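With UniProt numbering applied, the sequence shown covers 1 to 94.
Glycine included, every Cβ here is placed at the ideal spot set by N, Cα and C.
Computed from a predicted structure; not experimentally measured.
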Amino acid sequence: MASRFICVPVKNKNAVNVAKAFETFLKQRQQFTLQTDKVLEFLNTEFKKLMKKYSSSHFTTSNNDIKCAVVERFNRTLKSMFKYFTSKGTRCVA
């Protein structure tokens with residue numbers, strides 16, 4: 001896996017869980033700029049407070065059709081790895 005990606009499991013995508021997951025990520029990083037599409041998980045007061053607390057900035061794409069291609073590709077890679085390991089009965093050793 002590429003080291004520039006961090007995965008944090010969440011039970012569901014509500015505002016509180018997403019903010020908690022990002023806080024574990026932000027504790028390990030310096031301030032940064034985050035670009036997302038316009039999904040409600042990132043457009044709430046909990047998330048805005050968190051970004052302000054860690055001096056990071058967040059902006060969204062103005063066009064709803066534009067997604068983050070790097071993240072979408074990474075998601076497809078994770079899905080294909082999951083399918084491979086579950087269908088072949090192999091184990092992923094980390």
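{"Asked": "Once you ignore the five residues that flank THR61 on each side, which residues in its own chain have a CB closer than 6 Å to its CB?", "Found": "ASP37"}
{"Asked": "Who are the near neighbours of VAL26 in its chain, counting only those whose CB is closer than 6 Å to its CB and skipping five residues on each side?", "Found": "It should be pointed out that residue 26 corresponds to Leu in this sequence rather than to Val. Only TYR54 meet the Cβ criterion."}
{"Asked": "Can you tell me whether PHE59 is helix, strand or coil according to DSSP?", "Found": "strand"}
{"Asked": "Once the 5 residues before and after GLU46 are set aside, which same chain residues still bring their CB inside 7 Å of it?", "Found": "ALA15, VAL16 and ALA19"}
{"Asked": "Using a Cβ-Cβ cutoff of less than 6 Å, which residues in the same chain neighbour PHE42 once the five nearest sequence positions on both sides are dropped?", "Found": "THR36"}
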